[in-house]
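Here the protein sequences line up with chains A and B, keeping their order.
Each residue of the first sequence is one higher than the one before, counting from 1 in this note's numbering.
Each residue of the second sequence is one higher than the one before, counting from 1001 in this note's numbering.
Don't be surprised by glycine CBs; every beta carbon is placed ideally from N, CA and C.
None of these values were measured; they are calculated from a predicted model.
The structure under discussion appears below in the form of structure tokens.
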Amino acid sequence: MLHRYPKRAAFIMLILTTLIAAFPLWGEVVFGSQANFILEKLTLMLILALFAMSLDLLVGVLGLVSLGHALFFGLGAYTLALASPDFSPASMWWMLPLVMGVSACVGLVIGVLVIRTKGIFFIMTTLAFGQMLYYFISTSQFAGGTDGVFIMFRPSLELGGSTLLDLDNPYSFFYFCLGMLLVGYLFLRWLTRSYFGQVLDGIHDNEHRMQALGYATSGYKLIAFVIAGVMAAVAGMLAAMQYGFANPAQLGWHTSGEVLMMLILGGMGTIFGPILGAFAYEILLYIYEHTTTHWPILMGVTIIVAVLILPRGIAGLIIAPPWHRKRQTSAEIVGKESKASVSAQPVTQSKED
Amino acid sequence: MRDEIVLATHGLTRRFGGLVAVNDVDFDVKANEIHAILGPNGAGKSTLINLLSGEIPPSEGQVLYRQQPIQGKSARQIARMGIGRSHQKTNIFPRLTCLQNCELAARIHMGGVFGSWRSRQTAQKVSERAQEVLDTCQLNHRAYTTAADMSYGEQRQLQIAMVLATAPSLMLLDEPMAGMGREETAQVTDLLASLTDRYTLVLIEHDMDSVFRLADRITVMVDGCVLESGPTEQIRTSEKVRDVYLGRHDEEAIA
């Protein structure tokens, strides 16, 4: 069944999560003095994973490829940067709802306009809106132009006057990001398995048929677009806290393209795949950057090879490992003799869960 | 009740550029009858169904559903008024299970997605309805199979099940038996015959045996125009129909 995966997927994800959560325990032993730097990288990966996951709701689940998703990422960063007071930390209890509210409103306005389009036109319109905001921000005085805006104090998380979590501490912030990613993941997991998620799957498969059944598909697509935007904005806010500034580069189509590559690498439509994709992409990027100055070539080749041999990304490797696939083919052939399959969906899905 | 006219068209016309696909068509469908539309390829049968279901707007003319004009309404609005349709090409959700396909269809007419979210009762009713139509279409043994993994004939049956799940009062079926084997055709014919006490059907079909067995009335179309319309016996013995369709296009009709 769709959005139900074999137990080993959950098992692998659980092990990886535990490993990452326990990093403060083993980090210094393995990386020595570099542990702090690695922790910073891991925090960034967690943030990008949340960002990639939000895009998966659009691209993987709904089937709408957006090349302007960084718009929301940057919007989250700028909302935090511009709303933060200069000489004191802002409260997280205000900032999080503010970022979510602003991105939801912007998502609603842009969504109404772009959701009417499909395929290449959806790509172009989302790209256009992303670039519009990019040029607006990078030429605006109030937003610091191309330099961006610095955030002097990270927002604080207080309850009744006492600090709940000191976000200035890299370790606390790391756990805060891990928590946000987990909440995001559980939310999307619940959403894709809900009745609402089923409608999104239906629209992905055959929007025309959904309309013929009586569904107002635009409304559902709009809701999904706004949800994806809000999650990306939260990721953007975390990124701005991590970097200490909001920069126009976070808005541009480069960022949208990068997150799309994480998605392809990780496996679209699986929700947990993009998390793996974000980590894989960042690790590869780090290795390539330190190998050669021409790292984009290496990255490009990697993505091409990944698409060729892993069409369903790293997640596909976990859901249906190659050795598993071979075992199934003989059974498949017998079963398929009398069947005319309409789509190239792998038969493995029915055998899961 | 039986003679109540459910659907009627007046001067229905659709042009595609210079081509007149449907030309000044008047026909009506009575409650609880099976009304078949026959005609050689390119006669405008599918265009007519698309006009009735709101998938394309007519160039001229009127469509009345229970005395209400429905031309110009969207496919979604017409679906929600109780006109369900199946498509000529297999049109299901391949990645969802058989049961989920039917649930999607049933849900929209039973409180919708958010209703099923809010109340366990609605979700239960939707699920029961989906099971019920799978029973009717003899697909219950396939309930948890991904639709893409089912045989072609089963997928066609699922398509009918989905139309049934929307609880329509009028069903428009575009070649439900296209590409099916003899056994499957007989099965679907039986299924459709069993539906007449509850539903009104408009049927486009090439399989002559099934059409003459099932239909109460038949409308024959040629080149976008109605050649003849009447009870099955009248069409079976009509000289005009024999010349144009059964005679000249005999081989094509069988194929």
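Minimum C-alpha distance to residue i - residue among the options
{"i": "residue 1162 of chain B", "options": "A:141, A:210, A:124", "result": "A:210"}
{"i": "residue 285 of chain A", "options": "A:193, A:72, A:139, A:299", "result": "A:299"}
{"i": "residue 1003 of chain B", "options": "B:1217, B:1139, B:1240", "result": "B:1217"}
{"i": "residue 1177 of chain B", "options": "B:1062, B:1089, B:1017, B:1165", "result": "B:1089"}
{"i": "residue 3 of chain A", "options": "A:220, A:289, A:268", "result": "A:268"}
{"i": "residue 354 of chain A", "options": "A:7, A:133, A:279, A:290", "result": "Because chain A in this structure spans residues 1 to 353, residue 354 of chain A falls outside the shown range and cannot be described."}
{"i": "residue 128 of chain A", "options": "A:113, A:140, A:141", "result": "A:113"}
{"i": "residue 119 of chain A", "options": "A:105, A:109, A:73, A:65", "result": "A:65"}
{"i": "residue 1231 of chain B", "options": "B:1020, B:1038, B:1009", "result": "B:1038"}
{"i": "residue 84 of chain A", "options": "A:156, A:322, A:105", "result": "A:156"}
{"i": "residue 179 of chain A", "options": "A:313, A:312, A:50, A:316", "result": "A:50"}
{"i": "residue 73 of chain A", "options": "A:192, A:182, A:239", "result": "A:239"}
{"i": "residue 1191 of chain B", "options": "B:1238, B:1095, B:1139, B:1071", "result": "B:1139"}
{"i": "residue 146 of chain A", "options": "A:55, A:71, A:102, A:249", "result": "A:249"}
{"i": "residue 94 of chain A", "options": "A:34, A:104, A:158, A:134", "result": "A:158"}
{"i": "residue 1127 of chain B", "options": "B:1062, B:1145, B:1141, B:1104", "result": "B:1104"}
{"i": "residue 1031 of chain B", "options": "B:1195, B:1243, B:1211", "result": "B:1195"}
{"i": "residue 1137 of chain B", "options": "B:1155, B:1080, B:1071, B:1009", "result": "B:1155"}
{"i": "residue 151 of chain A", "options": "A:30, A:77, A:289, A:9", "result": "A:77"}
{"i": "residue 135 of chain A", "options": "A:244, A:251, A:9", "result": "A:251"}
Interface partners of residue i on chain A, CB under 7 angstroms
{"i": "residue 1095 of chain B", "result": "2, 201, 205, 345"}
{"i": "residue 1107 of chain B", "result": "195"}
{"i": "residue 1100 of chain B", "result": "198"}
{"i": "residue 1079 of chain B", "result": "212, 213, 214"}
{"i": "residue 1116 of chain B", "result": "195"}
{"i": "residue 1091 of chain B", "result": "206, 209"}
{"i": "residue 1156 of chain B", "result": "Those do not exist, as residue 1156 of chain B stays about 11 angstroms from chain A at its closest Cβ, beyond 7 angstroms."}
Other residues of its chain near residue i: CB distance less than 6 angstroms, five sequence neighbours each side excluded
{"i": "residue 1099 of chain B", "result": "1130, 1143"}
{"i": "residue 1171 of chain B", "result": "1084, 1163, 1199, 1201"}
{"i": "residue 1065 of chain B", "result": "1007"}
{"i": "residue 1115 of chain B", "result": "1122"}
{"i": "residue 331 of chain A", "result": "Model confidence at residue 331 of chain A stands at a pLDDT of 46, short of 50, so the residue's coordinates are unreliable; what they give is reported in the following sentence. No residues qualify anywhere along the chain."}
{"i": "residue 1056 of chain B", "result": "1050"}
{"i": "residue 28 of chain A", "result": "35"}
Cβ-Cβ separation, residue j to residue i (assumed contact under 8 angstroms), whole Å
{"i": "residue 1215 of chain B", "j": "residue 1005 of chain B", "result": "So it is not a contact: roughly 17 angstroms between Cβ atoms."}
{"i": "residue 215 of chain A", "j": "residue 199 of chain A", "result": "6 angstroms"}
{"i": "residue 53 of chain A", "j": "residue 274 of chain A", "result": "5 angstroms"}
{"i": "residue 1153 of chain B", "j": "residue 1180 of chain B", "result": "5 angstroms"}
{"i": "residue 1026 of chain B", "j": "residue 1226 of chain B", "result": "7 angstroms"}
{"i": "residue 67 of chain A", "j": "residue 123 of chain A", "result": "5 angstroms"}
{"i": "residue 1047 of chain B", "j": "residue 1097 of chain B", "result": "Not a contact, Cβ separation roughly 33 angstroms."}
{"i": "residue 1241 of chain B", "j": "residue 1036 of chain B", "result": "At roughly 12 angstroms, the Cβ-Cβ gap does not stay under 8 angstroms, so residue 1241 of chain B and residue 1036 of chain B are not in contact."}
Nonlocal neighbours in the same chain, by C-beta distance under 8 angstroms from residue i, ignoring five residues either side
{"i": "residue 175 of chain A", "result": "21, 165"}
{"i": "residue 142 of chain A", "result": "82"}
{"i": "residue 170 of chain A", "result": "36, 39, 40, 43"}
{"i": "residue 1074 of chain B", "result": "1054"}
{"i": "residue 1150 of chain B", "result": "1098, 1142, 1158"}
Those residues which DSSP pairs with residue i across a bridge
{"i": "residue 956 of chain B", "result": "Missing from the structure shown is residue 956 of chain B; chain B here goes from 1001 to 1255 and no further."}
{"i": "residue 1225 of chain B", "result": "B:1222"}
{"i": "residue 1084 of chain B", "result": "B:1171"}
{"i": "residue 365 of chain A", "result": "Any question about residue 365 of chain A goes unanswered here, given that chain A covers just 1 to 353."}
{"i": "residue 1203 of chain B", "result": "B:1036, B:1173"}
{"i": "residue 1135 of chain B", "result": "Paired residue(s): none; residue 1135 of chain B is not in a bridge."}
{"i": "residue 150 of chain A", "result": "A:245"}
{"i": "residue 1029 of chain B", "result": "B:1007"}
{"i": "residue 298 of chain A", "result": "DSSP lists no partner for residue 298 of chain A."}
{"i": "residue 1230 of chain B", "result": "B:1218"}
{"i": "residue 1097 of chain B", "result": "B:1146"}
Neighbour list for residue i in chain A, Cβ cutoff strictly below 9 angstroms
{"i": "residue 1075 of chain B", "result": "208, 211, 212, 214"}
{"i": "residue 1053 of chain B", "result": "212"}
{"i": "residue 1113 of chain B", "result": "194, 195, 196, 198, 199, 215, 220"}
Nonlocal neighbours in the same chain, by C-beta distance under 7 angstroms from residue i, ignoring five residues either side
{"i": "residue 307 of chain A", "result": "264"}
{"i": "residue 261 of chain A", "result": "281, 303"}
{"i": "residue 62 of chain A", "result": "200, 203, 204, 221, 224"}
{"i": "residue 154 of chain A", "result": "89, 167, 168, 241"}
{"i": "residue 1102 of chain B", "result": "1130, 1133, 1134, 1161, 1162, 1165"}
{"i": "residue 25 of chain A", "result": "none"}
{"i": "residue 98 of chain A", "result": "79, 83"}
{"i": "residue 111 of chain A", "result": "222, 225, 226"}
{"i": "residue 188 of chain A", "result": "53, 57, 271"}
{"i": "residue 315 of chain A", "result": "266, 267, 270, 272, 273, 276"}
Per-residue contacts from residue i into chain A (C-beta, under 8 angstroms)
{"i": "residue 1047 of chain B", "result": "Within 8 angstroms Cβ-Cβ: nothing; residue 1047 of chain B doesn't reach chain A, min ~16 angstroms."}
{"i": "residue 1166 of chain B", "result": "213, 214"}
{"i": "residue 1242 of chain B", "result": "What residue 1242 of chain B touches in chain A: nothing, since even the nearest Cβ is about 35 angstroms away."}
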